[in-house]
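Beneath this line is the structure, given in structure tokens, with notes to follow.
Residue numbers (my numbering): 146 to 508.
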């Protein structure tokens, strides 16, 4: 199967500025996800108690402005139940992270929207891009409202935001990231060179990896939202047991998967083991059938990222999630997701050219 990609390549070179815009937007979004993780780990997310899309961009400078913001914070449960001894100087630290997170989100909106209008006017988008980019824009707008909806859940009765809303917020972020990255791949990686056609096992296993990785990321949000990572600090066993008691201690059985810290923690570990196993089996298959191809290098990269992520995850659990380790774990989740998505794209959607015609009796 020989693919003529000259037309695609020429078109991509001609519109390289669109590719540059996509990658800048992707890196800005990754930065936003990491800053969001820092905001969460430093417990800064409730420090700004109002949503002011325009005026909120201005950072407090005068002492009176700082005192005004601190007085607002003193009215929410988190202050008088957890941080009643907090000083103004300490408040300024958590306020900065939440302000920086929101400001970077505003900046991302500009980075995406202004060039989007320009390229749309100059007719530089493909048909697929014209279809998908408006949906990405709508997800970005929705994300702003979901972010505030999440914060609201921690301002009234609870001292923590809802794990459901937190998971929704993270899910939308990764959907946007994945959508942008796929559009970038469509512009930059048109063809792979193979000696054998992609097997059915390869396609199924790569799709399975993508789905399970996405579920694992959502589970990570539930881990954070229920503070499950702070509760069980042993590995490889959980409090001396591989399958601990109490996994279904909540009478409504399905709520255990979302509200029982032990069940959430257990599921997060088991899914990590499952991902490692699938990756290893797939690598063995690729090494046998597709050695020397982009499939093998992609698989090796995924194994390296997964090893990193598992090691950082274990350290996070055993040391009760130090901030720097938590941030590195969140970064690992981003890298793993993008790696798995590219791997899936190369195997399933990317055109391929056979370097030689397979033998007639070869299956």
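No residue lacks a Cβ here, since even glycine has one placed at the ideal position from N, Cα and C.
DSSP beta-bridge partners of residue i
i           : result
residue 386 : 383
When the options are compared against residue i, the one with the closest alpha-carbon
i           : options            : result
residue 191 : 299, 377, 441      : 299
residue 378 : 479, 461, 286      : 461
residue 387 : 407, 398, 373      : 407
residue 470 : 174, 170, 179, 166 : 179
residue 442 : 271, 355, 488      : 488
residue 302 : 214, 221, 437      : 221
residue 312 : 200, 382, 339, 367 : 367
residue 287 : 258, 296, 317      : 317
residue 282 : 295, 428, 177, 325 : 325
residue 361 : 315, 321, 413      : 413
residue 183 : 236, 168, 246, 403 : 246
residue 166 : 260, 229, 411      : 260
residue 199 : 250, 393, 449, 405 : 250
residue 449 : 468, 436, 213, 428 : 428
residue 322 : 356, 170, 495, 160 : 170
residue 334 : 162, 168, 495      : 495
residue 509 : 276, 478, 218      : With the chain running from 146 to 508 in the structure shown, residue 509 is simply not present.
residue 331 : 274, 476, 411, 389 : 274
residue 306 : 372, 271, 327, 265 : 372
residue 389 : 405, 399, 400, 397 : 405
residue 289 : 314, 272, 271      : 314
residue 411 : 382, 436, 345, 267 : 382
residue 349 : 217, 426, 239      : 426
Proximal residues to residue i (C-beta, below 6 angstroms), its chain only, five neighbours per side dropped
i           : result
residue 440 : 431
residue 173 : 253, 256
residue 434 : 341
residue 160 : 269
residue 175 : 479
Inter-residue CB distance, residue i and residue j (contact presumed, cutoff 8 angstroms)
i           : j           : result
residue 164 : residue 329 : 6 angstroms
residue 409 : residue 364 : 7 angstroms
residue 438 : residue 339 : 5 angstroms
residue 457 : residue 474 : 5 angstroms
residue 187 : residue 242 : 5 angstroms
residue 202 : residue 248 : 6 angstroms
residue 196 : residue 237 : Contact doesn't hold; Cβ gap of about 20 angstroms is too wide.
residue 226 : residue 215 : Residue 226 to residue 215, Cβ: 16 angstroms. No contact.
Beta-carbon contacts of residue i that lie in its chain and below 7 angstroms, excluding the five residues immediately before and after
i           : result
residue 204 : 244
residue 375 : 465, 466
residue 351 : 488, 489, 492, 493
residue 358 : 420, 481, 482, 485
residue 507 : Residue placement at residue 507 is flagged as unreliable, the pLDDT there being 43, under the threshold of 50; the coordinate-derived value follows with that caveat. Excluding sequence neighbours, residue 507 sits near nothing in its chain.
residue 185 : 369
residue 391 : 407
residue 162 : none
residue 296 : 190, 191, 306
residue 395 : 401, 404, 405
residue 453 : 477
residue 320 : 284
Chain-order list of residues whose beta-carbon lies under 8 angstroms from that of residue i (same chain, five-residue window excluded)
i           : result
residue 421 : 451, 455
residue 177 : 246, 249, 250, 253, 318
residue 459 : 380
residue 280 : 324
9 angstroms Cβ cutoff, residue i in contact with chain C
i           : result
residue 182 : Reference to chain C is not applicable here, since this structure consists of a single protein chain.
| field | Completely contained alpha helix (DSSP H) runs for the segment 243-316, where each covers 4 or more residues | value | 272-297
| message | List, from N- to C-terminal side, the alpha helix (DSSP H) runs of 4 residues or more that fit wholly inside the segment 348-424. | response | Entirely contained in the segment 348-424, the alpha helix (DSSP H) runs reaching 4 residues are, in chain order, 401-404.
| Curious, which full-length alpha helix (DSSP H) runs of at least 4 residues does the segment 411-490 contain? | When DSSP assignments are scanned along the segment 411-490, the uninterrupted stretches of alpha helix (DSSP H) that are 4 or more residues long and fall wholly within it turn out to be 439-463.
| request: Go through the segment 211-241 residue by residue and report every complete run of the alpha helix (DSSP H) that reaches 4 residues or more, in order. | output: 222-226
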